[in-house]
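Asker: Numbering (the working numbering), first residue to last: 3 to 210.
Idealized CB from N, CA, C, for every residue including glycine.
Take a look at the following structure, please.
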């Protein structure tokens, strides 16, 4: 059955979302994340404040949607069988094979490219990681047996996301404010993540 072409309304919605995400990424490159307002993003995207809130609850929601567009594609390649046998090992194997899109990493770099974060920037980044943690809980709930302990799912999701978050710290220090990334930058980030996940998988039996 042929797939119908998107309607004009759907195309307009997609264009609005693209304009908002492009505007926010541009602003993140220019000013600290904590100094950016919805009004600034709306103005840069050439939409009204009201239109912005018709699409997003706030800036964290914009970033979360963008990052999930990358992680959703990654999760599709995560084998349910391996996830049930050795979940952290399955995530490590997936990342070693598929890697991470530079677009995903560009957003992480842009969020932190202006030096030490102020309170608002910290809250924004925390909301982004919490959103990704909720996303991973949903992924696990859909791949693990129905009788899986909810606490198992929650602690596993939060532990994996914490490993990702911790891995960003040395990586960002090495970037030293750069946002225009290279494949080598992605490999460096993946190496940090793999080490962090390795501690989760085998325990903290040595100091590295």
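Taking the C-alpha atoms as reference points, what is the distance between residue 79 and residue 89?
Answerer: Distance between the alpha carbons of residue 79 and residue 89: 14 Å.
Asker: With three or more beta-carbon pairs closer than 8 Å as the criterion, would you say the segment 61–70 touches the segment 166–181?
Answerer: No, the segment 61–70 does not touch the segment 166–181.
Asker: Assuming residue 61 contacts residue 158 (C-beta within less than 8 Å), just tell me the rounded distance between them.
Answerer: Rounded, the Cβ-Cβ distance is 28 Å, inconsistent with contact.
Asker: My output table needs one value for residue 171: the three-state DSSP class, helix, strand or coil.
Answerer: It is helical.
Asker: Would you kindly report the start and end of the unbroken alpha helix (DSSP H) that includes residue 112?
Answerer: Segment 104–113, the alpha helix (DSSP H) holding residue 112.
Asker: Between the Cα of residue 96 and the Cα atoms of 201, 196 and 204, which residue gives the shortest distance?
Answerer: Checking every option, the nearest Cα to that of residue 96 belongs to 196.
Asker: For residue 3, does the three-state DSSP call read helix, strand or coil?
Answerer: Model confidence at residue 3 stands at a pLDDT of 49, short of 50, so the residue's coordinates are unreliable; what they give is reported in the following sentence. It is coil, neither helix nor strand.
Asker: Among 39, 151, 188 and 144, whose alpha-carbon lies nearest the alpha-carbon of residue 74?
Answerer: Answer by Cα proximity: 144.
Asker: Can you find at least 3 beta carbon pairs, one from the segment 106–120 and one from the segment 21–39, that sit closer than 8 Å?
Answerer: Contact holds: three or more Cβ-Cβ distances are below 8 Å.
Asker: Is it true that the CB of residue 134 sits closer than 9 Å to the CB of residue 100?
Answerer: Their beta carbons are not under 9 Å apart, which means residue 100 does not touch residue 134 by this criterion.
Asker: One question on the structure: do residue 85 and residue 146 come within less than 9 Å of each other, judged by their Cβ atoms?
Answerer: Going by C-beta atoms, residue 85 is nearer than 9 Å to residue 146.
Asker: Using a threshold of 9 Å, state whether the C-beta atoms of residue 191 and residue 163 are closer than that.
Answerer: No, the Cβ-Cβ distance between residue 191 and residue 163 is not below 9 Å.
Asker: Which ranges does the alpha helix (DSSP H) cover as unbroken runs of at least 4 residues, wholly within the segment 43–129, from first to last along the chain?
Answerer: Qualifying alpha helix (DSSP H) stretches, in chain order: 51–57, 61–78, 82–87, 89–100 and 104–113.
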